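These notes are about the structure you will find just below.
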Amino acid sequence: MSIILPDRPGFYALVWEIVRQVPAGRVTTFSQVASMIPPPEGVKPEDYARLGARWVGDALNRVSLVDDPNIPWHRVINVRGTSSLPENSEGAALQRGRLRAEGVMPPDSEAVDLAAYGWEGPDPAWLAARGLLPPKPIKLNADGDAPAQMRLF
DNA sequence: CGTTTGACTACGC
DNA sequence: CGCGTAGCCAAAC
230 MSIILPDRPG FYALVWEIVR QVPAGRVTTF SQVASMIPPP EGVKPEDYAR
280 LGARWVGDAL NRVSLVDDPN IPWHRVINVR GTSSLPENSE GAALQRGRLR
330 AEGVMPPDSE AVDLAAYGWE GPDPAWLAAR GLLPPKPIKL NADGDAPAQM
380 RLF
């Protein structure tokens with residue numbers, strides 16, 4: 230890992246290690262990645278479900294500055310199945326292009342079908358060896374669609 | 001220094 | 001394609 234940065238102890242590094250294992254043709258979500266990392270001391274579990282996702286976003290934001298080929302940041306999307314980068318940004322276009330190239334995002338849609346392409350998570354032994362938790366399944370509607378949710382930023 | 005700002009999401013209206 | 005908000009943290013102003 231060539232990137233050095235201050236962070237809550239190890240959190241960002243764990244995010245990168247997890248994201249590194251998402252294979253081509255699959256995607257994961259901010260919240261799913263967060264669900265594998267135990268909540269830091271003092272963070273209420275019910276809050277962590279939401280806060281952790283945001284921290285994962287922070288971790289990836291740092292990585293994308295370098296675009297480290299070992300860390301497939303483009304395979305991490307929000308729980309709706311869409312890119313969380315600003316709508317018209319270069320990064321969003323790059324992400325969508327890569328996801329389409331990997332065959333998980335239709336050319337005529339902005340959304341990945343999480344039920345079909347969602348990642349099952351790292352090898353359980355790999356997780357256990359690092360003190361990480363089994364990933365929480367991606368939450369889907371009865372339809373199998375990702376939930377609707379507005380963008381905040 | 002104090003304030004603002006984000007690659008988020010579950011929940012209450 | 002509902003909207004606003006809370007929750008915490010690190011960085012940038």
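With the numbering used here applied, the first sequence covers 230 to 382.
Note that the Cβ used here is the ideal one computed from N, Cα and C, for glycine as well.
Quick caveat, the model's predicted, so the values are computed rather than measured.
Contact between L280 and V292 does not hold, since their C-beta atoms are separated by about 19 Å, which reaches or exceeds 8 Å. Distance from S264 to K365 at the Cβ level is roughly 4 Å; contact confirmed, criterion being Cβ atoms closer than 8 Å. L356 is not a Cβ neighbour of I266, given a cutoff of 8 Å. The three-state reading of DSSP puts I306 in strand, counting E and B together. Under the three-state reduction of DSSP, V272 is assigned to coil, being neither helix nor strand. Look at G347 here: in three-state DSSP terms it is strand. Here N307 has T258, F259 and S313 as same chain residues with Cβ atoms under 7 Å from its own Cβ, once five neighbours each way along the sequence are excluded. For P353, the uninterrupted alpha helix (DSSP H) run begins and ends at P353 to A358, by DSSP.
By the CB criterion at 8 Å, E339 and R325 fall inside the cutoff.
Between R304 and V244, the CB-CB gap reaches or exceeds 8 Å. By the criterion of a C-beta distance shorter than 8 Å, M334 is surrounded in its chain by R325, L328, A340 and V341, once the five residues flanking it on both sides are discounted. Just measuring C-alpha positions, the residue of I247, D297, D337 and F240 sitting nearest G350 is I247.
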